[in-house]
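Below you'll find the structure, written out as structure tokens, and then a few comments.
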Amino acid sequence: MQYILSVLVENKPGVLSRVTGMISRRGFNIDSLTVAPTEDVTMSRMTIIVEADEIAYEQITKQLHKLVSVYKISDMTHEDAIERELVLFKVSAPADRRHEIIEIANIFRAKIVDVGKNTLTVEATGTASKLDAMEDLFRGYGLRQITRTGKIAMSRSS
1 MQYILSVLVE
11 NKPGVLSRVT
21 GMISRRGFNI
31 DSLTVAPTED
41 VTMSRMTIIV
51 EADEIAYEQI
61 TKQLHKLVSV
71 YKISDMTHED
81 AIERELVLFK
91 VSAPADRRHE
101 IIEIANIFRA
111 KIVDVGKNTL
121 TVEATGTASK
131 LDAMEDLFRG
141 YGLRQITRTG
151 KIAMSRSS
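Going by UniProt numbering, the first residue of the sequence shown is number 1, and it counts up by one from there.
Structure, rendered in structure tokens:
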């Protein structure tokens, strides 16, 4: 099963390395990882997506709690959370087909962020399924490059 962890940590050098090292030393793969400072500049939030069974997941969270630089762990797997990713698609765009690519971007509420001689770069945010659907459509035009962030998540207001 895929678990979504939101981990509040000290914003100091080496913390990312300690957290990811602890997870990888136990033989688990991190599917996605995003890290950024929070509203408190002394803290960072890590959103970690791991594939594990229930027992392995418990082991990961117990070991994370033991790290001095970890302040709080929130499991967002079963929460009603807001989840988003960001992606940049560089799509082959000959002049006669540009309007089709722009139309697809508009349908998905994406933005054209760069126009080249033979390419368009499209920026989109959303759920993984939305971005996967866009990728499938753009593959038909020729994807030159794709860059995708990891998932970020925040619990909804109660």
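Beta carbons are placed, not taken as given, at the ideal position from N, Cα and C, and that holds for glycine.
Check, Outcome
"One or two residues paired with glutamine 145 in a DSSP bridge", "Lys90"
"For residue 164, the three-state DSSP class (helix, strand or coil)", "Given a span of 1 to 158 for the chain in the structure shown, any question on residue 164 remains unanswerable."
"Whole-angstrom distance between proline 37 and threonine 20, CA atom to CA atom", "17 Å"
"Range covered by the alpha helix (DSSP H) that runs through arginine 98", "98-107"
"Spatial neighbours of isoleucine 55 in its chain, beta-carbon cut-off 8 Å, leaving aside the 5 residues before and after", "none"
"Check whether valine 7 and valine 70 have beta carbons under 8 Å apart", "yes"
"Beta-carbon proximity check, valine 87 vs leucine 120, cutoff 8 Å", "no"
"N- and C-terminal bounds of the beta strand (DSSP E) containing threonine 34", "30-37"
"Proximity to glycine 14 [Cα-Cα], best of Ser44, Glu83, Tyr3, Ile104", "Ser44"
"Where the beta strand (DSSP E) through serine 17 begins and ends", "Here serine 17 belongs to no beta strand (DSSP E); instead the alpha helix (DSSP H) covers 15-25."
"Which of helix, strand or coil DSSP assigns to methionine 134", "helix"
"Identified DSSP bridge partners for lysine 111", "Glu123"
"Per-residue DSSP class, three states only, for leucine 67", "coil"
"Rounded Cβ spacing between isoleucine 146 and threonine 34 (contact assumed at less than 8 Å)", "Rounded, the Cβ-Cβ distance is 17 Å, inconsistent with contact."
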